[in-house]
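Taking it in order: structure first as structure tokens, then the write-up.
Numbering (the working numbering), first residue to last: 1290 to 1532.
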């Protein structure tokens, strides 16, 4: 069952974190991993609605690329960056067009991520990747609500050593890996709303009936067990590499 990206585009920004969170956690981690420099030419690959393209445009010249026209439509007008519809497996750019490519929670969405990384190496000198290490990831009460969720995500997300190997095979050197803790407490009503809107793309891949049963479980259990808010604490991995 494919993920419905046109559906994701509709609610994508509404179920994400704040601009402060994007800037101080996600973009700070990407900037460090990718050795971001003022004036860099940046490709935000799998840019979605342009959340990070907008931040990157404060530092350099940015192209936001995504396969989904619905996502790109949501990105339009967010900042001084160009929009390009592109398949990561065959990027429509010349060699070494960019100084840095950003890939934020994108690799698990790609059918052939090693091929995409070879394309990234062709068009850029550096890359910064944000992903999740599913060997250690826990979703807390969501794991209980949706029994298939973690197994599906573990099958979707590339392992960190495999990403490092794919980067080196693509021609990148000086690969760095850093795991950064993330903490966020979300009001119960907000978390239930995020789940109802399927803020995780994996919700589209659950077996029939599991999503509806899981939502009912959370509506019953979250207010009881988490009166002070749902703890979305986790750790995400930032991988950087240069040629």
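Beta carbons: idealized from backbone N, C-alpha and C, even for Gly.
Q.
Please state the DSSP three-state secondary structure of residue 1415.
A. Strand, per DSSP.
**Q.** Simplified DSSP assignment, three categories, for residue 1290
**A.** Model confidence at residue 1290 stands at a pLDDT of 44, short of 50, so the residue's coordinates are unreliable; what they give is reported in the following sentence. Of the three classes helix, strand and coil, the one that applies to residue 1290 here is coil, per DSSP.
Q) When the Cα atoms are used, what is the spatial distance from residue 1360 to residue 1378? A) For residue 1360 and residue 1378, the distance between alpha carbons rounds to 18 Å.
Q: Go ahead and pull the three-state DSSP assignment for residue 1544.
A: It is not possible to answer for residue 1544, since the shown part of the chain is limited to 1290 through 1532.
(Q) Determine whether the beta carbon atoms of residue 1352 and residue 1371 lie at a separation below 9 Å. (A) It is a contact, given that the beta carbons lie within the stated cut-off.
Q) Can we say the region 1390-1399 touches the region 1419-1435, given the rule of at least three CB pairs closer than 8 Å? A) Using a Cβ-Cβ distance cut-off of 8 Å, the region 1390-1399 and the region 1419-1435 are in contact, since at least three pairs of beta carbons, one from each stretch, lie closer than that value.
Q) Which residues mark the beginning and the end of the alpha helix (DSSP H) in which residue 1341 is found? A) Counting along the chain, the alpha helix (DSSP H) containing residue 1341 begins and ends at 1340-1345.
Q.
Distance check for residue 1430 and residue 1509, CA to CA, integer angstroms please.
A. Taking the straight line from one Cα to the other gives about 12 Å.
Q: Per DSSP, which residues does residue 1334 bridge with? Please list them.
A: As a beta-bridge residue in DSSP terms, residue 1334 pairs with 1354.
Q: Spell out a yes or no on whether the region 1339-1348 and the region 1363-1370 are touching, meaning 3 or more CB-CB pairs, one atom from each, closer than 8 Å.
A: Pairwise C-beta distances place the region 1339-1348 in contact with the region 1363-1370, as three or more of them are shorter than 8 Å.
Q: Quickly, what does DSSP pair residue 1372 with across the bridge? List them, please.
A: According to DSSP, which records beta bridges pairwise, residue 1372 is partnered with 1353.
(Q) Using the three-state DSSP reduction, which class does residue 1385 fall into: helix, strand or coil? (A) The answer is coil: DSSP assigns residue 1385 none of H, G, I, E or B.
**Q.** Rounded C-alpha distance that separates residue 1413 from residue 1525
**A.** Roughly 24 Å between the two C-alpha positions.
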